[in-house]
Amino acid sequence: MIHWPVASAPHLATWAIAAIATAAVIVRPGKLPEAVWAVGGALALLTGGLLSLPAALQAVVDGADVILFLTGMMLLAELARREGLFDTLASWAVRHAEGSARRLFGLVFAIGVVVTVFLSNDATAVVLTPAVYVVAKKAGAKPLPYLFACAFIANAASFVLPISNPANLVVFGDHMPPLATWLRAFALPSIAAVAMTWAVLAWTFRGELAKRVETVSRVPALSGAARLAAVGIGGVVLAMLAASALGFSLGAPTLIATLMAAGAVQATRREAPWALLEHVSWSVLVLVAGLFVLVAGVGQTGLIVALTEGLHVAARAAPRATAWGAGALVAFAANLMNNLPAGLVAGTAVNSGPMPDAVRSAVAIGIDLGPNLSVTGSLATILWLLALRREGERVTAWQFLRVGMLAMPLALVAALACL
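When the count follows the numbering used here, it moves up by one through the sequence shown with no breaks and lands on 458 for the last residue.
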């Protein structure tokens, strides 16, 4: 029997604050930073007596691994951007496209897969996108197909490895599978999702990709610091994979390895780290902390417990059908409330007691892949939009939805069928 919480005044107030704050994070009224609304909602819960300060602090502590991981990955992505690694990759793609827009699209897509898998989806959406935009313009190509490739692959490839999306840490928490177990569960679904996403995008933009593009005579050479940065990034990836293989939490190893890599590059440059640090979006960490507090407030009302009970009842009765249903439900829910809070709620539910592996894996796929439906689905997509606006390129929510309402469901079905 499922024990749904009583809709008391404190419970209603908590749900309302969490809903309004989450919606404001997505819509950004007044163009204020997303973190302002998440922290505002958290403070409203505290000042209204709806959540105690110790409970709020505990929520942030529980999210420390995600925050440490995000810190390391943002620093690593900024290091790669500053040293021109993404510009070089994008120029390499144009050089080897040999005038073919379709080949250029395939190369950009492949680079996006690699960056997402090893540097996380945020790096693809935020750092690779501007580099791709610049080289697409230089090649005389319409940039939209290549920009959409960056956005969609940032989500479609984000469950290849545990390190490919911070949402993976949110969903699994302390129950993160070791690397070998993860690969057995997600290798085929990842291949299916990536292949289906490529097929839909290639078909959608088939007109633009049938044209010729210009080529470049050479790829910019990397400086000594840039080559050292590339080696350092490789070392960080190996450290993360080793931590995952040994079943360790990913946050601390990621941050420590990144600081070592960045320190080596800064020492070579003989520069203070301030120029590197000032370009990192530190407000993202505040946003994540605020979302953890909001979900803790909702959890105190008993709503997450009720959802957990319902999921467990369904999983015992029909595990396979529950996996399909849970994956689809969280995929669409991510677009209503963003995949980070949706992942927090879903992660709490699937990790509260025994749960079939297929159900837990389906939830992770839904949280990672669901944001390919709309621009509100993930922080990475929102940041992708902001990156485009800085370049003077406009993509409307409807443009994204027209592609997403075909790409996301087909890729989701393909991935879930491979579990």
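Glycine included, C-beta positions come from ideal geometry on N, C-alpha and C.
Next on the checklist: Assuming the contact rule is C-beta atoms closer than 8 Å, K250 and A136 should be a hit. Round their C-beta distance to whole Å, please.
Outcome noted: With a contact defined as Cβ atoms closer than 8 Å, K250 and A136 miss out at about 12 Å.
Item to check | Residue environment, V100, which counts as buried when at least 16 other CB atoms sit within 10 Å | outcome: exposed
Checklist entry - How long is the line joining the alpha carbons of R223 and G151, rounded to whole angstroms? => result 23 Å
Checklist entry - So T340 is in the alpha helix (DSSP H); what residue range does that whole segment cover? => result Premise fails: T340 is in no alpha helix (DSSP H) and is neither H nor E.
Next on the checklist: For A301, tell me which candidate among A95, D104, T61, R121 has the shortest Cα-Cα distance.
Outcome noted: R121
Checklist entry - Closest by CA to G246, which one among T415, P182, A436? => result P182
Checklist entry - If you follow the alpha helix (DSSP H) that P380 is part of, which residue opens it and which one closes it? => result Where P380 is concerned, the enclosing alpha helix (DSSP H) stretches over 378-389.
Checklist entry - Would a C-beta distance cut-off of 8 Å place P358 and A311 closer than the cut-off? => result no
Checklist entry - Hey, L326 and F108: beta-carbon distance below 8 Å or not? => result Taking the C-beta atoms as reference points, F108 is found no nearer than 8 Å to L326.
Checklist entry - Using the rule of at least 16 other Cβ atoms within 10 Å of the residue's Cβ for burial, across every protein chain shown, is H318 buried or exposed? => result Exposed, since its Cβ has fewer than 16 Cβ neighbours within 10 Å.
Item to check | Chain-order list of residues whose beta-carbon lies under 6 Å from that of A170 (same chain, five-residue window excluded) | outcome: Non-local C-beta neighbours of A170 in its own chain, meaning closer than 6 Å and more than five positions away in sequence, comprise F125, D126, A129, ordered along the chain.
Next on the checklist: Just to confirm the assignment, what range does the alpha helix (DSSP H) spanning P184 have?
Outcome noted: 183-195
Checklist entry - When the Cα of G392 is compared with those of H351, W363, D407, which residue comes out closest? => result If we check each option's Cα against that of G392, H351 comes out closest.
Checklist entry - Using the rule of at least 16 other Cβ atoms within 10 Å of the residue's Cβ for burial, across every protein chain shown, is D213 buried or exposed? => result So D213 ends up on the exposed side.
Next on the checklist: Please state the DSSP three-state secondary structure of R251.
Outcome noted: Strand at R251.
Item to check | Alpha-carbon spacing of E430 relative to A388, whole angstroms | outcome: 40 Å
Checklist entry - At what residues does the alpha helix (DSSP H) containing A456 begin and finish? => result That run of the alpha helix (DSSP H) goes 436-456.
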